[in-house]
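J.: Just so you know, we're using UniProt numbering here: the sequence shown kicks off at 1 and counts up by one.
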Amino acid sequence: MADISHPPMEQLQDLEYCIDSNPPWPETILLAFQNYILMLGTSVMIPSMLVQLMGGSDGDKARVIQTLLFVSGINTLLQTLFGTRLPAVVGGSFAYVMPILYIINDSSLQQIPDHHDRFIQTMRAIQGALIVASSIQIVAGYSQLWGLFSRFFSPLGMAPVVGLVGFGLFQRGFPMLGNCVEIGLPMLLLVIGVSQYLKHTRLLKDLPIFERFPLLICISIIWIYSIILTASGAYRNKPNATQMSCRTDRANLISTAPWFKFPYPLQWGPPTFSAGHAFAMMSSVLVSMAEGKRGSSWTNPSWESQRKFGAVFASIPFPIYAAVYCVLFGLVGAVGLSFLQFTNMNSMRNLIIIGLSIFLGISIPQYFNQYVTVHHGLVRTNAGWFNAFLNSIFSSPPTVGLMVAVFLDNTLDVVNSKKDRGMPWWVKFRTFRGDNRNEEFYTLPFNLNRFFPPT
């Protein structure tokens, strides 16, 4: 009988670089620029959704987008130097949208007659809420509270959580791609073709450019194609929604963005603080901790320059990003499910936990999200901050999946299922000294472990 088993592997065979690898500088710059282009999607999408509701103009939207890009860059540098050291861009998170909508719809802000003044006051209120809410992450980190909570995690419990980080964003995929099929569908087919079918084709002897830089290649081609469609008048008589999705000159982002902006702190004024706003924002901080993301989207900015450069790239149509998300979010979800290789999937207990957590992790947020724009959320009490808190928690697929999976995994036949849960592999990564790779990957630079001793 043929051997059909596949032994568990802690690292994919096809990876060229590990966490501690150092690619050549030219390649590193191109890979970093590819990451920059990728994170532009959420950096443009979130302000485009919210700034107009805040009373902001096209110029305000451009400034928020470019500020977000700069702050995300600073946070990414800090995260890759002192944080997880993973090659991930710290960008915007949709987990913060619902509490921000609650702040935007606050009656005290809605009563401001001047649109620009209302935008400024709303930005200051959002900044204040984020400053207070961020204390949760600071306390959880320095008190090691999150580390204590993570003792209840296992490969079986984390598989649906990481999987839902990708699969839970399905609404950012083909539904958004369908807003401009003539751009989005060619992009989707091109990304799959270049990254998968041409990955072994080498135009350069030592560098597989199609495998290493598929997004740069595909986005450049389809972006030029969309510019041609826009310039030729293909969308001249189309509905406004179609023009916003397909045109490359939408919202006057390029024309309203200044060439340079001198840096100065708190460009929208000092933050304002409200207990209700801060409590509502705390839900998004908890959600972002579950999703493994950071709320750098709306932090108070410090300085920036080269605004026109960012506005040019921000003109890339959303359906192009949606096509990329179809591939990348699907890959993220698959990576989450790969944790199951360390568990026993012939166990009915494990099948119930995985199936129920994934299904409810998609079904419950979908039910809550139906009421976001219509009734400002499913939970409707006289306390708006409480509504925003619960609506944010239950609108996040990874958070719902985390609660269901961890609860079931730690209450159903725990004593007799340690091996089936994958604990023998998982337990060595709980502590810093549990595995040699922990010290190799996560030792702080500049000998900072003297001041922040690992546990």
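All C-beta atoms, glycine included, are put in the ideal place defined by N, C-alpha and C.
Rounded to the nearest angstrom, how far is the Cβ of F153 from that of V406, given a contact under 8 Å?
T.: Position 153 of the sequence shown holds residue 153. Position 406 of the sequence shown holds residue 406. Indeed, because the Cβ distance is near 7 Å, the residues count as touching under 8 Å.
J.: Give me the Cα-Cα distance between N436 and F339, rounded to the nearest whole angstrom.
T.: Taking the sequence shown and counting its residues from 1, one reaches residue 436 at position 436. Taking the sequence shown and counting its residues from 1, one reaches residue 339 at position 339. Cα to Cα, N436 sits roughly 20 Å from F339.
J.: Cα-Cα, which of A32, L188, I320 and Q144 is closest to T42?
T.: To locate residue 42, count along the sequence shown from 1; it is residue 42. Ranking A32, L188, I320 and Q144 by Cα distance to T42 puts I320 first.
J.: Using a threshold of 8 Å, state whether the C-beta atoms of V132 and F273 are closer than that.
T.: Numbered from its first residue, the sequence shown carries residue 132 at position 132. Numbered from its first residue, the sequence shown carries residue 273 at position 273. In this structure, F273 lies closer than 8 Å to V132 by Cβ.
J.: Give, in chain order, every unbroken run of the beta strand (DSSP E) that is at least 3 residues long and sits entirely within the stretch 331-357.
T.: Listed in chain order, nothing qualifies, since the stretch 331-357 has no complete beta strand (DSSP E) run of 3 or more residues.
J.: So, at 7 Å on beta carbons, what are the nonlocal neighbours of V332 in its own chain, with the 5 sequence-adjacent residues on each side left out?
T.: On the sequence shown, residue 332 is found 332 positions in, with the first residue counted as 1. The answer, listed in chain order, is V165 and G166.
J.: Report, in whole angstroms, the separation of the C-beta atoms of S288 and A62, which I expect to be a contact under 8 Å.
T.: Here the question's residue 288 lines up with position 288 in the sequence shown. Here the question's residue 62 lines up with position 62 in the sequence shown. The Cβ separation is near 25 Å, so there is no contact.
J.: Closest Cβ-Cβ distance between I393 and chain C: below 8 Å?
T.: The structure shown contains no chain C, having only a single protein chain.
J.: Note down the Cα distance separating S135 from Q111, rounded to an integer number of angstroms.
T.: Here residue 135 is taken as the residue at index 135 of the sequence shown, counted from 1. Here residue 111 is taken as the residue at index 111 of the sequence shown, counted from 1. Straight-line Cα distance between these residues: approximately 30 Å.
J.: Sort F386, S143 and V427 by Cα distance to I103 and report the nearest one.
T.: Walking along the sequence shown from the start, residue 103 turns up at place 103. Ranking F386, S143 and V427 by Cα distance to I103 puts F386 first.
J.: Over what stretch of residues does the alpha helix (DSSP H) that includes V162 continue unbroken?
T.: Locating residue 162 in the sequence shown gives position 162, counting from the first residue. Per DSSP, V162 belongs to the alpha helix (DSSP H) from P155 to F167.
J.: So is G233 buried or exposed if we call it buried at 16+ other beta carbons inside 10 Å?
T.: Start at 1 with the first residue of the sequence shown, and residue 233 comes out as number 233. It counts as exposed.
J.: Kindly indicate which three-state DSSP category L15 falls into: helix, strand or coil?
T.: Your numbering for residue 15 matches position 15 in the sequence shown. Reduced to three states, the DSSP call for L15 is coil.
J.: Can the beta-carbon of F329 be found closer than 8 Å to that of G173?
T.: By one-based count along the sequence shown, residue 329 stands at place 329. By one-based count along the sequence shown, residue 173 stands at place 173. Cβ distance < 8 Å, so F329 and G173 count as in contact.
J.: Just to confirm the assignment, what range does the alpha helix (DSSP H) spanning P99 have?
T.: By one-based count along the sequence shown, residue 99 stands at place 99. Per DSSP, P99 belongs to the alpha helix (DSSP H) from V97 to I104.
J.: Taking DSSP's pairing of strands, which residues face L204 in a bridge?
T.: Residue numbering aside, residue 204 sits at position 204 when the sequence shown is read from its first letter. L207, per the DSSP bridge assignment.
J.: How big is the Cα-Cα spacing for V194 and T80?
T.: Sequence index remark: in the sequence shown, residue 194 carries index 194 (1-based). Sequence index remark: in the sequence shown, residue 80 carries index 80 (1-based). Whole-angstrom Cα-Cα distance: 28 Å.
J.: With 16 other CB atoms within 10 Å as the buried threshold, where does V139 fall?
T.: On the sequence shown, position 139 is the one that residue 139 refers to. By the neighbour-count rule (16 or more Cβ atoms within 10 Å), V139 is not buried but exposed.
J.: Please indicate yes or no: does the CB of Y225 lie closer than 7 Å to some heavy atom of the ligand ADP?
T.: Only the bare structure without any ligand can be found here, which leaves the ligand ADP out of the picture.
J.: Give me, in chain order, the residues of the same chain whose beta-carbon lies closer than 8 Å to that of P208; leave out the 5 immediate sequence neighbours on both sides.
T.: In the sequence shown, counting from the first residue as 1, residue 208 sits at position 208. Cβ within range, chain order: K199, H200, T201 and R202.
J.: Mapping the DSSP letters down to three states, classify T242 as helix, strand or coil.
T.: Here residue 242 is taken as the residue at index 242 of the sequence shown, counted from 1. The answer is helix: DSSP assigns T242 an H, G or I state.
J.: From N344 to S357, what distance separates their C-alpha atoms?
T.: For the purposes of this step, residue 344 is identified with residue 344 of the sequence shown, where counting begins at 1. For the purposes of this step, residue 357 is identified with residue 357 of the sequence shown, where counting begins at 1. Each residue's Cα considered, the two are about 17 Å apart.
J.: Thinking C-beta only, is G422 closer than 8 Å to L156?
T.: Residue mapping note: residue 156 aligns to position 156 of the sequence shown, counting from 1. Residue mapping note: residue 422 aligns to position 422 of the sequence shown, counting from 1. In this structure, G422 lies closer than 8 Å to L156 by Cβ.
J.: Cα separation between N416 and G336?
T.: Along the sequence shown, read from residue 1 onward, the residue named residue 416 stands at position 416. Along the sequence shown, read from residue 1 onward, the residue named residue 336 stands at position 336. Those two C-alpha atoms are separated by around 24 Å.
J.: Taking the continuous alpha helix (DSSP H) assigned at R63, which residues delimit it?
T.: By 1-based counting over the sequence shown, the position of residue 63 is 63. Its alpha helix (DSSP H) spans residues D58 to F82.
J.: How far does the alpha helix (DSSP H) with T411 in it reach, from first residue to last?
T.: Mapped onto the sequence shown, residue 411 falls at position 411. No alpha helix (DSSP H) holds T411; DSSP gives it neither H nor E.
J.: Given a cut-off of 8 Å, decide if M281 and P398 are closer than it, judged by their beta-carbon atoms.
T.: Taking the sequence shown and counting its residues from 1, the one referred to as residue 398 is at position 398. Taking the sequence shown and counting its residues from 1, the one referred to as residue 281 is at position 281. No. Outside cutoff.
J.: Throw me the rounded Cβ distance for the G91 and S107 pair, which I believe falls under 8 Å.
T.: Stepping through the sequence shown from its first residue, residue 91 is reached at position 91. Stepping through the sequence shown from its first residue, residue 107 is reached at position 107. Contact doesn't hold; Cβ gap of about 31 Å is too wide.
J.: So, helix, strand or coil for Y367, using DSSP?
T.: As a first step, residue 367 is located in the sequence shown; it is residue number 367 there, counting from the start. Helix.
J.: If the criterion is Cβ atoms closer than 8 Å, does the pair Y325 and L169 meet it?
T.: If you number the sequence shown from 1, residue 325 lands on position 325. If you number the sequence shown from 1, residue 169 lands on position 169. In contact: Y325 and L169 (Cβ atoms closer than 8 Å).
J.: CA-CA distance, P24 and Y17?
T.: Residue 24 sits at position 24 when you count from the first residue of the sequence shown. Residue 17 sits at position 17 when you count from the first residue of the sequence shown. Cα to Cα, the separation comes out at about 11 Å.
J.: Is it right to say R242 is buried, meaning 16 or more other beta carbons lie within 10 angstroms of its own, or is it exposed?
T.: For this step, residue 242 is matched to residue 242 along the sequence shown. It should be noted that the sequence gives Thr, not Arg, for residue 242. Exposed, because fewer than 16 other Cβ atoms sit within 10 Å of the Cβ of T242.
J.: Specify, as a first and last residue, the run of the alpha helix (DSSP H) that H115 falls within.
T.: Within the sequence shown, numbered from 1, the residue matching residue 115 stands at position 115. It spans H115 to A133 - the alpha helix (DSSP H) in which H115 sits, taken as one unbroken run.
J.: Sort A129, I37, N105 and S226 by Cα distance to residue 458 and report the nearest one.
T.: Outside the shown range of the chain (1 to 455) lies residue 458, about which nothing can therefore be said.
J.: Considering only the beta carbon of each residue, do N391 and V379 sit closer than 8 Å?
T.: On the sequence shown, position 391 is the one that residue 391 refers to. On the sequence shown, position 379 is the one that residue 379 refers to. Yes; because the gap between Cβ atoms is below 8 Å, this pair is in contact.
J.: Could you check what DSSP says for residue 456 in three-state terms: helix, strand or coil?
T.: With the chain running from 1 to 455 in the structure shown, residue 456 is simply not present.
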